[in-house]
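Here's the structure we're looking at; comments come further down.
Chains as they are written, first to last, in my numbering: chain A, 1 to 182; chain B, 1001 to 1272.
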């Protein structure tokens, strides 16, 4: 058998670099079919699908990007609101403090005012009492003095007009002395 | 067809050092010749042609199954096919020609890559065990196709004078050696290049098949008396060579298509 094949090779005397005709034909047909299918049918098919996939992926990415942008804006909104709320709280605290301060100041002023009023009322009372006491004392002293003088002089000084003149004169002298002595 | 015309590269009852005087039949050119399986009107149809046609059937069937009902969310088969498709499209065509120029050549390159690869793979498939591309006719068909495409593209892009300049590598600054360079470039581009393009694939598969046959046959023939350890070594080498050939088959398909792309790129490029 081997001999047969070797003989065959010798007979044909063909270099392996020289292509046999029928093989060229078969090779051409075989490849032409493959190429035709790929060119006309298979690759257009898969390219369409790949394109669809690419679009789907890109669409997904776009959606994700949109969602991210929205999330970002919401976050910023929240942050702004939070900052506003903090600001508001600070403002309210400040206001409360101010109000408290004014309230205290007002109450202090009121207290001061009441104290002054009370003191002034006390002063007025004292003055009134002093005046009353002084006029009562003047009468009593006058009366005592006239009584005493009457008893001493033995003469009734009952005469009212005279009596009061004398007393007044006496008291005026006392006051003058007091003035002079001061 | 008689029994002694089968395609076995060796005989079952033969071993080296045996009494019946069998010698080791070294694989050679006869390993690449096939008796016709059938003869139709003077046309001799042999095993290699059958394998070539099965290659077509396999590639077309596989990609039809994978791509004809392609979905946006791919199944397993579609995913594998897409990976292969993308490898050629992005890894080879877009890399050399760019996305814009290259798109037109994607179908050619993809079909060429898988056609060549499957033709090569027959080398290690049991029962087939013959790389279709080790018959030079098959690489020549493809290389010729690329060559014709390259020539016509160069004409179309650059016109007659431009074609001549492109093919001869015309460059004034070379001065006195210009005629020599032009002569060499002319021969190299128009004749040597398509030849090496086809032969590179052919010779790799040819040599690979020789090695495989060598070690396989040797494993059988050495299986006698004190040669048995050598048969073991030969068998291990067979396995190693099969793995190596799997690698070479893919690399050669890749290189063939890559070169085709780079030739086309040369045709499309502006002349400097």
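No residue lacks a Cβ here, since even glycine has one placed at the ideal position from N, Cα and C.
| Asked | Found |
| --- | --- |
| With DSSP as the reference, label residue 1073 of chain B as helix, strand or coil. | coil |
| Which of the three DSSP states, helix, strand or coil, is assigned to residue 1045 of chain B? | strand |
| If residue 1206 of chain B and residue 1134 of chain B are in contact, beta carbons under 8 Å, what's the gap, nearest whole angstrom? | 4 Å |
| Roughly how many whole angstroms lie between the Cα atoms of residue 1264 of chain B and residue 1112 of chain B? | 14 Å |
| Closer than 8 Å by C-beta to residue 110 of chain A: which residues in its own chain qualify, once you throw out the five before and the five after it? Chain order, please. | none |
| Rounded C-beta distance between residue 1109 of chain B and residue 1093 of chain B? I'm assuming under 8 Å. | 5 Å |
| Given this structure, state the Cα-to-Cα distance separating residue 1226 of chain B from residue 1241 of chain B, to the nearest angstrom. | 24 Å |
| Could you tell me whether the segment 1094-1107 of chain B touches the segment 1163-1177 of chain B, where touching means 3 or more Cβ pairs closer than 8 Å? | no |
| Alpha carbon to alpha carbon, what distance is there between residue 138 of chain A and residue 102 of chain A? | 52 Å |
| By DSSP, does residue 1267 of chain B sit in helix, in strand, or in coil? | helix |
| CB-CB under 7 Å to residue 1202 of chain B, same chain, minus the five flanking residues each way: which ones, in chain order? | 1133, 1134, 1136 and 1139 |
| Could you check where the beta strand (DSSP E) with residue 1040 of chain B kicks off and where it finishes? | 1038-1040 |
| Taking DSSP as the reference, what is the three-state secondary structure of residue 20 of chain A? | coil |
| Can a CB atom of chain A be found closer than 8 Å to the CB of residue 1222 of chain B? | no |
| With H, G and I counted as helix, E and B as strand and the rest as coil, what does DSSP make of residue 1125 of chain B? | coil |
| Compare the C-alpha of residue 1258 of chain B against each of B/1243, B/1237 and B/1200 and name the closest. | B/1200 |
| Which residues in chain B have a C-beta closer than 9 Å to the C-beta of residue 61 of chain A? List them in chain order. | Result: empty, since nearest Cβ-Cβ is about 15 Å, beyond 9 Å. |
| Any idea what DSSP makes of residue 1223 of chain B, helix, strand or coil? | coil |
| Start and end of the alpha helix (DSSP H) containing residue 174 of chain A? | 160-181 |
| Please list, in chain order, the residues of the segment 23-38 of chain A that have any C-beta partner in chain B closer than 7 Å. | 23, 24, 26, 27, 28, 30, 31, 33, 34, 35, 37 and 38 |
| Would you check if the distance between the CB atom of residue 1141 of chain B and the CB atom of residue 37 of chain A is smaller than 8 Å? | no |
| At 4 residues or longer, and completely inside the segment 1143-1216 of chain B: list those alpha helix (DSSP H) runs for me, N to C. | 1178-1187 |
| Looking at the unbroken alpha helix (DSSP H) that takes in residue 1099 of chain B, where does it start and where does it end? | 1095-1102 |
| Identify, in the order they occur along the chain, each residue of the same chain with its Cβ nearer than 6 Å to the Cβ of residue 1237 of chain B, setting aside the five sequence neighbours on each side. | 1215 |
| Determine the burial state of residue 1221 of chain B: buried for a count of at least 16 other Cβ atoms within 10 Å of its Cβ, exposed for fewer. | buried |
| Going by other Cβ atoms of all chains shown within 10 Å of its Cβ, with 16 needed for buried, is residue 115 of chain A buried or exposed? | exposed |
| Counting Cβ pairs, one atom from each stretch, are 3 or more of them under 8 Å apart for the segment 1119-1130 of chain B and the segment 1039-1055 of chain B? | yes |
| Applying a beta-carbon distance threshold of less than 9 Å, which residues of chain A neighbour residue 1188 of chain B? | The premise fails here: residue 1188 of chain B is roughly 18 Å from chain A at the closest Cβ pair, so nothing lies under 9 Å. |
| Leaving out five residues on either side along the sequence, give the residues of the same chain with a beta carbon under 6 Å from the beta carbon of residue 167 of chain A. | 142 |
| Look at the Cβ atom of residue 1249 of chain B, then the Cβ atom of residue 1123 of chain B, and state whether they are nearer than 8 Å. | yes |
| Is the shortest distance between the beta-carbon of residue 1267 of chain B and the beta-carbons of chain A less than 8 Å? | no |
| Please confirm whether residue 1106 of chain B and residue 1089 of chain B have their CB atoms less than 8 Å apart. | yes |
| Sort A/93, A/145 and A/16 by Cα distance to residue 1031 of chain B and report the nearest one. | A/16 |
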